[in-house]
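Undergrad: Here it is: the structure, laid out below.
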Amino acid sequence: MKNKNSKKLFEKAQRLLPGGVNSPVRAFRAVGGNPLFIEKAWGAYLSDVDKNTYIDYVGSWGPMILGHANPKVDEAIRDTAQKGTSFGAPCQLEVQMAEYFCQRIPSCEKVRFVNSGTEAVMGAVRLARAYTKRNKIIKFAGAYHGHADYLLVKSGSGAMTLSQPDSLGVPKEFVQHTLVAPYNDLPYVEKLVKKHHKDLAAIIVEPIAGNMGVILPEKGFLRGLKKLCRQSGALLIFDEVMTGFRVHEKGVQGLFNIKPDLSTFGKIIGGGLPVGAYGGAKKIMNLVSPQGATYQAGTLSGNPIAMAAGLAALKQLNAKVYASLNKKTERLAQGFREIAKKAGVAIQVNVVCGMFSVFFTDKQVKQLKDVQNSRLDLFNKFFHLMLEHGIYLPPSPYEACFVSTKHGENEIAKTLRAAKDSFFSLK
Ligand SMILES: *Cc1c(COP(=O)(O)O)cnc(C)c1O
């Protein structure tokens, strides 16, 4: 694998951008080595500035469920851009997108579009506090809800990768209302709720966790959270920025048939452009300005090109697409398990439609500490071996691998052949 051009670009980038990147995990710090500079992407593939081609399992960290450069999304972007790129006034596409969105997500009667998942979560938490007139929130260790100050406590993804779960620049007072519980530990949450119930505004949860690697909720966990919220008067927020339209056409809330009070979306709903959204029942959403007094605004929110791209992407997703994606993801996961077993390498593969994670451990992975106790060194070796074989995995053991509808038989076969060589070389 040549990487002369990527290396040169990275040297220059480091002089101009902190760490050479605009988002931390891209820098390969967890796995070591230099990041690759991508020149173009199509379908399930990426190629870098040194003309190496890879099968992509990052998918821009989730949005590219239809693969890269989807023709219908591209067409929507081009058509819309010709009519102006931003108005700062209402446009029809926002209404179309809102209608489509609310029809699909049963818990959302009204929705507010923003520019990122981070913004969506900030809006939802502010709204939960406004509605309940309370302050405290409970989040889970290893969950990532964007980079708002008060949510950078034991957060996953990039913050985990860099082993600095908390950030500089966040005053202690800003996180005093943030309570943290271990994922899948309902008794722990129950204790927290009991202690703080009079001031508990919300429990925010990734209903399937993806930012400490993929971790599924155990049976009864999500329903238990909902019950605790009902009893205490707090709101349940599903952060579906990653899982929304990825695991099911109605998100995790559709997959498990549980209705949260508020939910947040991002990633897929922008079709690869910057979009976020938060929504819920009318009686809560009506508190958002200008209808209510919970302020939240955005110069580019509901941007016509982003709305058009998102709508074009969502319209291609239906039950049939998810059934096929689910089958493929399961096959990949099962393939990894079988090959690792033959190679005598202990792994766990956590999997759900369109996303999976390989953990190097013989114990089940149910919460953050199980990931931390896995063999991170083996993951890092595995990552580089796979890369040498033309397979681009997320460069961190605390991330999900994403599968798109464009990953076909050939790509799966090639990935499993690479996995075989890599597992056997690990020993
Ligand atoms: C990616 C992500 C976010 C943050 O979204 P950005 O668009 O990166 O700001 C928030 N919550 C979850 C669950 C995510 O996966």
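Numbering (the working numbering), first residue to last: 45 to 471.
Glycine is no exception: its CB is placed at the ideal position from the N, C-alpha and C atoms.
(1) Give a single yes or no on whether residue 347 has its beta carbon closer than 7 Å to a heavy atom of ligand 1.
(2) Where does residue 295 sit, in a helix, a strand or coil, going by DSSP?
(3) Can you check which of these residues, 433, 62, 453 and 455, is closest to residue 467 by C-alpha distance?
(4) Beta carbon of residue 283: closer than 7 Å to some heavy atom of ligand 1?
(5) Does the distance between the C-beta of residue 222 and the nearest non-hydrogen atom of ligand 1 fall short of 7 Å?
(6) Pull up the DSSP beta-bridge partners for residue 308, would you.
(7) Report yes if the CB atom of residue 308 is closer than 8 Å to the CB atom of residue 332, and no otherwise.
(8) Using a Cβ-based criterion (distance less than 7 Å to any ligand heavy atom), does residue 162 qualify as near ligand 1?
(9) On the CB-based measure, 16 or more other CB atoms within 10 Å of its CB, does residue 129 come out buried or exposed?
(10) Could you compute how far the alpha carbon of residue 177 sits from the alpha carbon of residue 245?
(11) Start and end of the beta strand (DSSP E) containing residue 245?
(12) Measure the C-alpha to C-alpha separation of residue 344 and residue 107 and round it to an integer number of angstroms.
(13) Closest by CA to residue 219, which one among 210, 255 and 330?
(14) Are residue 237 and residue 276 touching if we call contact CB-CB under 8 Å?
(15) Is the segment 75–82 touching the segment 427–442, taking contact as three or more C-beta pairs under 8 Å?
(16) Throw me the rounded Cβ distance for the residue 48 and residue 92 pair, which I believe falls under 8 Å.
(17) Verify whether the separation of the beta carbon atoms of residue 155 and residue 189 is less than 8 Å.
(18) Can you have a look at residue 151 and say buried or exposed, based on whether 16 or more other CB atoms are within 10 angstroms of its CB?
(19) Give the DSSP bridge partners of residue 340, in chain order.
(20) Apart from the five residues just before and just after residue 462, which ones in its own chain have a Cβ nearer than 6 Å to its Cβ?
(21) Should residue 480 and residue 446 be called a contact, given that it needs their Cβ atoms to be closer than 8 Å?
(22) Would you list the residues sitting across from residue 190 in a DSSP beta bridge?
(23) For residue 157, which residues does DSSP report across the bridge?
(24) Rounding to the nearest angstrom, what Cα-Cα distance links residue 198 and residue 301 in this structure?
(25) State the DSSP-derived secondary structure class of residue 443, mapped to helix, strand or coil.
(26) I believe residue 227 touches residue 186 by the beta-carbon criterion, under 8 Å. Please report the beta-carbon distance rounded to the nearest angstrom.
(27) Between residue 292 and the rest of its own chain, which residues show a CB-CB distance below 7 Å, the 5 nearest in sequence each way excluded?
(28) Ligand 1 and residue 443: does the residue's C-beta get closer than 7 Å to at least one heavy atom of that ligand?
(29) Look at residue 320 and residue 453 and say whether their C-beta atoms are less than 8 Å apart.
(30) Taking buried to mean at least 16 other C-beta atoms within 10 Å of its own C-beta, is residue 122 buried or exposed?
(31) For residue 459, collect the residues of the same chain with a Cβ closer than 7 Å to its Cβ; drop the 5 residues on either side in sequence, then sort them by chain order.
TA: So, to answer that:
(1) What you label residue 347 is simply residue 303 of the sequence shown in a count that begins at 1. No; taking the cut-off as 7 Å, the Cβ of residue 347 has no heavy atom of ligand 1 nearer than that.
(2) Stepping through the sequence shown from its first residue, residue 295 is reached at position 251. Helix.
(3) Locating residue 467 in the sequence shown gives position 423, counting from the first residue. Measuring from the Cα of residue 467, the nearest candidate turns out to be 433.
(4) Residue numbering aside, residue 283 sits at position 239 when the sequence shown is read from its first letter. Residue 283 Cβ: within cutoff of ligand 1.
(5) Locating residue 222 in the sequence shown gives position 178, where the first residue counts as 1. Outside the cutoff, so no.
(6) In the sequence shown, the residue the question calls residue 308 occupies position 264. Partner(s): 283 and 322.
(7) Start at 1 with the first residue of the sequence shown, and residue 308 comes out as number 264. Start at 1 with the first residue of the sequence shown, and residue 332 comes out as number 288. Going by C-beta atoms, residue 308 is not nearer than 8 Å to residue 332.
(8) The residue labelled residue 162 in the question sits at position 118 within the sequence shown. Answer for residue 162: yes, Cβ within range of ligand 1.
(9) The residue labelled residue 129 in the question sits at position 85 within the sequence shown. The residue is exposed, with fewer than 16 neighbouring Cβ atoms inside 10 Å.
(10) Residue mapping note: residue 177 aligns to position 133 of the sequence shown, counting from 1. Residue mapping note: residue 245 aligns to position 201 of the sequence shown, counting from 1. Rounded to whole angstroms, residue 177 to residue 245 spans 7 Å at the Cα level.
(11) Position 201 of the sequence shown, counted from the first residue, corresponds to residue 245. That run of the beta strand (DSSP E) goes 244–249.
(12) Residue numbering aside, residue 344 sits at position 300 when the sequence shown is read from its first letter. Residue numbering aside, residue 107 sits at position 63 when the sequence shown is read from its first letter. Cα to Cα, the separation comes out at about 19 Å.
(13) Your numbering for residue 219 matches position 175 in the sequence shown. Comparing Cα positions, the closest option is 210.
(14) In the sequence shown, residue 237 corresponds to position 193, counting from 1. In the sequence shown, residue 276 corresponds to position 232, counting from 1. Contact: yes.
(15) yes
(16) Taking the first residue of the sequence shown as position 1, residue 48 is located at position 4. Taking the first residue of the sequence shown as position 1, residue 92 is located at position 48. Between residue 92 and residue 48 the Cβ distance is about 11 Å, and since that is not below 8 Å, they are no contact.
(17) On the sequence shown, position 111 is the one that residue 155 refers to. On the sequence shown, position 145 is the one that residue 189 refers to. Contact flag unset, no.
(18) Along the sequence shown, read from residue 1 onward, the residue named residue 151 stands at position 107. Under this definition residue 151 is a buried residue.
(19) For the purposes of this step, residue 340 is identified with residue 296 of the sequence shown, where counting begins at 1. None, per the DSSP bridge assignment.
(20) For the purposes of this step, residue 462 is taken as the residue at position 418 of the sequence shown. 430, 433 and 435, listed in sequence order.
(21) Because residue 480 is not part of the residues shown, which for the chain are 45 to 471, the question remains open.
(22) Walking along the sequence shown from the start, residue 190 turns up at place 146. Note: residue 190 sits in no beta bridge, so no partner.
(23) Residue mapping note: residue 157 aligns to position 113 of the sequence shown, counting from 1. Looking at the DSSP assignment, residue 157 forms a beta bridge with 321.
(24) The count along the sequence shown starts at 1 and reaches residue 198 at position 154. The count along the sequence shown starts at 1 and reaches residue 301 at position 257. Spanning the two alpha carbons is a distance of roughly 28 Å.
(25) On the sequence shown, position 399 is the one that residue 443 refers to. Note: residue 443 maps to coil in three-state DSSP.
(26) Taking the first residue of the sequence shown as 1, we reach residue 227 at position 183. Taking the first residue of the sequence shown as 1, we reach residue 186 at position 142. Contact flag correct, Cβ pair sits at about 6 Å.
(27) Against the sequence shown, residue 292 aligns to sequence position 248. Result list for residue 292: 298, 299, 366 and 397, in chain order.
(28) Taking the sequence shown and counting its residues from 1, the one referred to as residue 443 is at position 399. No, the Cβ of residue 443 stays beyond 7 Å of every heavy atom of ligand 1.
(29) In the sequence shown, the residue the question calls residue 320 occupies position 276. In the sequence shown, the residue the question calls residue 453 occupies position 409. Against a cut-off of 8 Å, the Cβ pair of residue 453 and residue 320 comes out as no contact.
(30) Against the sequence shown, residue 122 aligns to sequence position 78. With fewer than 16 other Cβ atoms within 10 Å, it is exposed.
(31) Position 415 of the sequence shown, counted from the start, is the residue given in the question as residue 459. If we look at residue 459 and ignore the five residues flanking it on each side, its Cβ neighbours are 99, 376 and 435.
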